[in-house]
Amino acid sequence: MPHHDPFALRDLLGDDARLCRRALTGAPGVALPPLVDHHVHVHLIDEELLSTRGIAGVLDLGGDPTELARRARAGMPCVAYAGAFLTAPGGYPSGRSWAPPATVREVSDASAHPGVAGGAATAVDEQAAFGASVIKVALNAQAGPVLDSAAISTIVASAREHGLPVVAHVEGAGMTAVAIDAGIDALAHTPFTEVLDGSLIARAVALGQRWISTLDIHRDDPESARIARSNLERFAQAGGVVLYGTDLGNGDLPVGVNGRELVALHDAGISGAALLTTLTDPWPRAERSHAVAVFVPGDPPTDLDGIPRWLSGATVVPSEELIDDQESGDDRE
Ligand SMILES: [Zn+2]
Numbered sequence: 088m089p090h091h092d093p094f095a096l097r098d099l100l101g102d103d104a105r106l107c108r109r110a111l112t113g114a115p116g117v118a119l120p121p122l123v124d125h126h127v128h129v130h131l132i133d134e135e136l137l138s139t140r141g142i143a144g145v146l147d148l149g150g151d152p153t154e155l156a157r158r159a160r161a162g163m164p165c166v167a168y169a170g171a172f173l174t175a176p177g178g179y180p181s182g183r184s185w186a187p188p189a190t191v192r193e194v195s196d197a198s199a200h201p202g203v204a205g206g207a208a209t210a211v212d213e214q215a216a217f218g219a220s221v222i223k224v225a226l227n228a229q230a231g232p233v234l235d236s237a238a239i240s241t242i243v244a245s246a247r248e249h250g251l252p253v254v255a256h257v258e259g260a261g262m263t264a265v266a267i268d269a270g271i272d273a274l275a276h277t278p279f280t281e282v283l284d285g286s287l288i289a290r291a292v293a294l295g296q297r298w299i300s301t302l303d304i305h306r307d308d309p310e311s312a313r314i315a316r317s318n319l320e321r322f323a324q325a326g327g328v329v330l331y332g333t334d335l336g337n338g339d340l341p342v343g344v345n346g347r348e349l350v351a352l353h354d355a356g357i358s359g360a361a362l363l364t365t366l367t368d369p370w371p372r373a374e375r376s377h378a379v380a381v382f383v384p385g386d387p388p389t390d391l392d393g394i395p396r397w398l399s400g401a402t403v404v405p406s407e408e409l410i411d412d413q414e415s416g417d418d419r420e
């Protein structure tokens, strides 16, 4: 099997990819850790399709906390969630057809006390009580009022008390700087409305901020695509942590692994093992699931450019269904 060279595979994809066969059929392929889409809206998609198309875990970044809390804990896909969007009164995304009232909390008071109507800490407490793994805040200056710095800092402090990271949607002039000043842990989208200067990108990297890619949502908007690519390219180059995410549920996107998102990441210089890492990072969970794995059938790619298309053939399987084909690999080290 000349194409089955574990060392070539490691060069291309890193240590997480293993040559394997399926137990039932003997079909050869590559085993990968569970793949995660770090930005979805489960209420807007047919989630049954995710696992057959390679996605084992998702992070829901805006939905009805009551509905999300009802989900089975052990289901597939594995869903972590933010619960409702926290925003200013009348701020994005309130009033949007895809964001019914149950999915939005308008924060009108920066109060750090519990049980305050419209209170910032109260809104965080509510999402935490419904099992949120992250807190989502909308900072969109192009679509209405935005929370002031007092409310943002209460949200961040309150999330810290619950041990939860904060994810921001930033859009409009100066909004990335606001998120960085506030110590926000992750951005729900690569910033796409302004080209950031190098010092701001360096501050985001130093903060350990994670950026969720969502490049493919700009495929019909070349200017936003150009800005996002420039920002992400330099963020990744400077050592920033990039997470694969598609904003699935927003417009017409393929359910499952999105090959166009992977191509866009690859074109922004995030390729090979680095590309795979954006998909296999379990954040905001601390650890990967070991119950399931991802199987990509057939021959592994032979060069970096072939990886995005190849990964689009991924499917989720129970881990015990894959037999390691790499037994000769370790003793040759
Ligand atoms: Zn979204």
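All you need for the numbering used here is the position in the sequence shown, starting with 1, plus 87.
Where a beta carbon is used, it is the ideal one built from N, C-alpha and C, also for glycine.
For residue i, three-class secondary structure by DSSP
i	result
A320	Per the sequence presented here, residue 320 reads as Glu, with Ala not at that position. Residue state, collapsed to three classes: helix.
T389	coil
A216	helix
I304	helix
D133	coil
G177	coil
A118	strand
R419	Confidence in R419 is poor, its pLDDT being 35 and thus under 50, which makes the residue's placement unreliable; the coordinate value appears in the next sentence. Three-state result, R419: helix.
P278	coil
V292	helix
I142	coil
D196	strand
A159	coil
E374	coil
G101	coil
L340	coil
Q366	The residue asked about is misnamed: residue 366 is Leu in this sequence, not Gln. The answer is helix: DSSP assigns L366 an H, G or I state.
L234	coil
L283	coil
H353	helix
S503	No answer is possible for residue 503: it lies beyond the span of the chain, which begins at 88 and ends at 420.
A246	helix
S360	Going by the sequence as given, residue 360 is Ala instead of Ser. Reduced to three states, the DSSP call for A360 is helix.
P93	helix
G346	helix
P201	coil
A266	helix
A312	helix
Nearest-angstrom Cβ-Cβ length linking residue i and residue j, presumed shorter than 8 Å
i	j	result
S245	A269	About 12 Å separates the two Cβ atoms, so there is no contact after all.
P371	L146	7 Å
A169	V243	At roughly 14 Å, the Cβ-Cβ gap does not stay under 8 Å, so A169 and V243 are not in contact.
T277	T301	6 Å
S406	A373	At roughly 19 Å, the Cβ-Cβ gap does not stay under 8 Å, so S406 and A373 are not in contact.
P201	A171	Contact doesn't hold; Cβ gap of about 17 Å is too wide.
V265	L226	6 Å
V328	R297	5 Å
T367	D103	6 Å
W185	L131	6 Å
A228	G206	The pair is not a contact, with the Cβ atoms about 23 Å apart (cut-off 8 Å).
Per DSSP, the bridge partner or partners of residue i
i	result
F172	V191 and K223
H271	It should be noted that the sequence gives Ile, not His, for residue 271. For I271, which the question treats as bridged, DSSP gives no partner whatsoever.
R108	P115 and I410
D147	V127 and Y168
F382	A118 and T402
V329	W298
G206	D196
A255	V224 and L274
L335	V127
Residue i beta carbon near ligand 3 (any heavy atom closer than 8 Å)
i	result
A351	Absence of ligand 3 from the depicted structure is noted, with ligand 1 being the only ligands included.
(Q) Within 8 Å, do at least three Cβ pairs link the segment 384-400 to the segment 331-351? (A) yes
Q. Touching or not, the segment 183-198 and the segment 229-240, by the rule of three or more beta carbon pairs under 8 Å?
A. yes
(Q) Using 8 Å as the cut-off, can you tell me whether the segment 107-116 makes contact with the segment 134-152, which would need three or more C-beta pairs spanning the two stretches below that distance? (A) no
Q: Evaluate the contact criterion for the segment 178-194 versus the segment 325-335: three or more CB pairs, one atom per stretch, below 8 Å.
A: no
**Q.** Contact the segment 285-293 vs the segment 312-327: 3+ CB pairs below 8 Å
**A.** yes
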